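Numbering (our numbering), first residue to last: 80 to 330.
A short write-up of the structure that comes next.
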């Protein structure tokens with residue numbers, strides 16, 4: 080039986096109760112997101128500590144440590160010299176643990192294959208076809224909290240797990256893409272990111288009693304379709320021990 084938790088509008092299922100075949104047919108093949116509870120993931124909070132990461136992987140050089148643009152917004156892609164840098168894991172952890180503005184640093188997609196010994200690929204995900212098929216290649220995302228990624232979409236299947244803290248997702252189905260104003264790129268003509276200005280991403284198309292737009296800001300005229308898409312979005316807060324499946328092409 081699947082129930083919708085109060086913190087997420089998606090159905091929630093226990094990882095031990097969903098087979099790889101059912102997951103593929105009911106969610107991957109139909110492009111349907113799903114919230115999954117996994118007790119194995121919950122146990123990692125007390126296992127993958129900063130002390131363990133420093134002891135086992137402190138000498139690893141990671142080239143995707145990003146600096147916040149305004150304290151919470153982080154650049155989506157790594158561009159040399161553009162608010163991103165290379166740091167050894169131990170140096171990142173030292174900065175992350177200090178009393179300085181650690182929230183301005185965010186380590187993204189830190190791939191440490193040895194961690195697969197502690198958390199093998201979940202059985203329900205075994206039929207996913209991607210470049211990591213048959214091996215563990217999960218990436219860690221480490222931050223001090225309040226980090227926010229820009230609106231974007233990936234063209235691969237993604238399973239996001241939360242080990243500590245919580246992550247708030249606002250999801251848009253692929254058929255909303257026109258209202259999200261994709262930004263074509265040389266390597267991806269469909270567009271991985273959006274042309275929406277940052278301030279427009281919380282705008283509204285609803286009108287107040289006096290005829291003005293409700294909410295803090297109205298959608299800019301050139302991006303007026305976004306407000307309707309935002310009202311139809313799927314909102315989900317993923318908490319410790321939970322995984323969120325985001326199908327390919329979802330924003």
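We put the CB at the ideal spot given by N, CA and C, even for glycine.
Nothing here was measured: the structure is a model prediction, and the numbers come from that model.
* For residue 123, three-class secondary structure by DSSP -> helix
* Asked: From what residue to what residue does the beta strand (DSSP E) around residue 140 run?
  -> 140-146
* Proximity below 7 Å, CB of residue 188 to CB of residue 224 -> no
* Asked: How many angstroms separate the CA atom of residue 229 from the CA atom of residue 272?
  -> 8 Å
* Leaving out five residues on either side along the sequence, give the residues of the same chain with a beta carbon under 6 Å from the beta carbon of residue 274. => 260, 262
* For residue 261, which three-state DSSP category applies? -> In this structure, residue 261 counts as strand in the three-state DSSP scheme.
* Grouping DSSP H, G and I as helix and E and B as strand, with all else coil, what is residue 293? -> Confidence in residue 293 is poor, its pLDDT being 45 and thus under 50, which makes the residue's placement unreliable; the coordinate value appears in the next sentence. Three-state result, residue 293: coil.
* For residue 248, three-class secondary structure by DSSP -> Correct three-state label for residue 248: strand.
* Asked: If you check the beta carbons only, do residue 91 and residue 114 fall under 7 Å apart?
  -> yes
* Mind reading off the beta-carbon distance from residue 305 to residue 282? Whole number of angstroms is fine, and I expect it under 8 Å. => 6 Å
* To do: Determine the extent of the beta strand (DSSP E) in which residue 316 is found, giving its start and end residues.
  => Its beta strand (DSSP E) spans residues 313-318.
* **Beta-carbon spacing of residue 314, residue 241 below 7 Å** => no
* Among 312, 126, 222, the one whose alpha carbon lies nearest that of residue 172 -> 222
* residue 105 to residue 185, Cα distance in whole Å? -> Near 34 Å, if we compare the C-alpha coordinates of residue 185 and residue 105.
* **Nearest-angstrom beta carbon gap, residue 111 and residue 253 [assumed within contact, 8 Å]** => Contact flag wrong, Cβ pair sits at about 12 Å.
* Where does the unbroken alpha helix (DSSP H) through residue 175 begin, and where does it stop? -> 168-176
* Asked: How long is the line joining the alpha carbons of residue 204 and residue 300, rounded to whole angstroms?
  -> 42 Å
* To do: Select from 142, 168, 140, 117 the residue whose C-alpha is nearest the C-alpha of residue 132.
  => 168
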